[in-house]
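Here is the structure we will look at.
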Amino acid sequence: MIRRLEVLRQLMAARGINYILISKPENRSYLSGFTGTDGTLLVGPETADIFVDFRYVEQAKAQAAHFNTIKVEQASLGVTSEVIRNYKINKLYIEEDYLTVKQYAYLKDKLAGIDLEPAGGLVEEQRKVKDALEVPLIRQAMHIGDLAFSHILKQIKPGVSESALALELEFFMRRQGASSLAFDTIMASGPRSALPHGVASDRVLQEGDFLTMDFGCVYKGYNSDMTRTLVLGRPNQKQQEIYHIVLEAQLAGLAAVRPGVIAREVDRAARSVIEKRGYGQYFGHSTGHGVGLAIHERPRLASNDETVLEAGMVVTIEPGIYLPDWGGVRIEDSVLVTEEGCEILTSSPKKELLTV
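In terms of the UniProt record's numbering, the sequence shown opens at residue 1 and continues consecutively.
Next up, the structure:
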């Protein structure tokens, strides 16, 4: 944790930032280790304070020992003007993409006379490359996801509802040590599989259905993410065709992942496969995204993202084809960028269209 604070100060110095106020939960826990649901960090060239209310004082002292704990009446952006004045701060950088208008107005009033400037996602940039403490936690989160997929295969059959399967997935992952879902489970069957974010409904599975499952869990703060599409019963020719186009696209995306490659080039590698087969208009989202303390992090593997991939980044590769009123396929793995290329962190089967 102390090393992360040192790196942040180096980034701050390079940008001419003396003081930054941090309240975004992922950034707060990344820098401090504090896991409470409310609190604010103030980081300066030689100072690091955490502002919490009565509920979290002892927790902050225990989890964020390298920060000075200051008790305030209101933890959400609660800062004491006395501390700010003592530091002689005239310009304070804030997380402009996280604060609400109301919170910004509160700070303007509380810190009258101090310029509030956008930090430009400074901590998010730092979080793109995972350190040695993070990778094992991410591996375990992904492992729980793989175990859950193997478990749920035994439960899938005609007559079972999407919502029942989603609930069983959650129960299983929690029993394996997950603290929560990473996001609302996408469990889309039959024509609903054409919905890229078709969260579980009461629809009952039928023979011949496609079933797309996109799910993940949170393990000690870190997220997992994977998607598999399978079919109930014997697949028809079109189902096989669409599945293998998406698989080819996903493998092309995976093959493109290595240090020095620009994020948009990974997107292009996967997208071009689908476009050449005439389904480009049915692949409307980016090829992937970063994963870590948040389920969606930088970089985005999208056509307009110029991020250069680095060893230590964790990203998803998840192309898909979605045909309205028919169904859809998405295949997603999470990978760790390595010096040689990438390591796939999710190992559930995908080489052939799974049938149950």
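Note that beta-carbon positions come from the ideal geometry of N, C-alpha and C, so glycine has one too.
Give the straight-line distance between the Cα atoms of residue 191 and residue 282, rounded to the nearest whole angstrom. As a working mapping, residue 191 is identified with position 191 in the sequence shown. As a working mapping, residue 282 is identified with position 282 in the sequence shown. Approximately 14 angstroms, taken between the alpha carbons.
Helix, strand or coil: how does DSSP classify residue 272 here? To locate residue 272, count along the sequence shown from 1; it is residue 272. Helix.
Rounded distance between the beta-carbons of residue 50 and residue 70, thought under 8 angstroms: Taking the sequence shown and counting its residues from 1, the one referred to as residue 70 is at position 70. Taking the sequence shown and counting its residues from 1, the one referred to as residue 50 is at position 50. That pair is a contact at about 7 angstroms.
Have a look at residue 212 and residue 312 and give me their C-alpha separation to the nearest angstrom. As a first step, residue 212 is located in the sequence shown; it is residue number 212 there, counting from the start. As a first step, residue 312 is located in the sequence shown; it is residue number 312 there, counting from the start. Rounded to the nearest angstrom, the two C-alpha atoms are 29 angstroms apart.
Does the Cβ-Cβ distance between residue 119 and residue 94 come in under 8 angstroms? Mapped onto the sequence shown, residue 119 falls at position 119. Mapped onto the sequence shown, residue 94 falls at position 94. Going by C-beta atoms, residue 119 is nearer than 8 angstroms to residue 94.
For my contact list, residue 37 and residue 23 are in at a C-beta cut-off of 8 angstroms; report their separation, rounded to the angstrom. Numbered from 1 along the sequence shown, position 37 holds the residue referred to as residue 37. Numbered from 1 along the sequence shown, position 23 holds the residue referred to as residue 23. Actually they do not touch by this definition, with Cβ atoms about 11 angstroms apart.
Note down, one range per segment and in chain order, each alpha helix (DSSP H) of at least 4 residues found wholly within the UniProt domain "Creatinase N-terminal" (4 to 129). 25 to 32, 57 to 63, 81 to 86, 101 to 110 and 122 to 127
Alpha carbon of residue 73 to alpha carbon of residue 102, nearest angstrom: For the purposes of this step, residue 73 is taken as residue 73 along the sequence shown, with counting starting at 1. For the purposes of this step, residue 102 is taken as residue 102 along the sequence shown, with counting starting at 1. Going from the Cα of residue 73 to the Cα of residue 102 covers about 18 angstroms.
Do residue 329 and residue 185 have their C-beta atoms within less than 8 angstroms of each other? Locating residue 329 in the sequence shown gives position 329, where the first residue counts as 1. Locating residue 185 in the sequence shown gives position 185, where the first residue counts as 1. It is not a contact, given that the beta carbons lie outside the stated cut-off.
Element boundaries [alpha helix (DSSP H), containing residue 170]: Taking the sequence shown and counting its residues from 1, the one referred to as residue 170 is at position 170. Per DSSP, residue 170 belongs to the alpha helix (DSSP H) from 162 to 175.
Report, in whole angstroms, the separation of the C-beta atoms of residue 107 and residue 116, which I expect to be a contact under 8 angstroms. Position 107 of the sequence shown, counting from 1, holds the residue named residue 107. Position 116 of the sequence shown, counting from 1, holds the residue named residue 116. The pair is a contact, with the Cβ atoms about 6 angstroms apart (cut-off 8 angstroms).
Taking the alpha carbon of residue 35 as the point to measure from, which residue in 221, 267, 344 and 280 has its own alpha carbon closest? In the sequence shown, counting from the first residue as 1, residue 35 sits at position 35. With distances taken between Cα atoms, residue 35 lies closest to 221.
Can you tell which of 225, 265 and 302 has the C-alpha that lies nearest to the C-alpha of residue 142? In the sequence shown, the residue the question calls residue 142 occupies position 142. It is 225 whose Cα lies nearest to the Cα of residue 142.
I'd like to check one pair, residue 202 with residue 163: are the Cβ atoms closer than 8 angstroms? Here the question's residue 163 lines up with position 163 in the sequence shown. Here the question's residue 202 lines up with position 202 in the sequence shown. For residue 163 and residue 202, yes; Cβs fall inside 8 angstroms.
Among 298, 97, 55 and 134, which one has its Cα closest to the Cα of residue 33? Within the sequence shown, the letter at position 33 stands for residue 33. The candidate whose alpha carbon is nearest that of residue 33 is 134.
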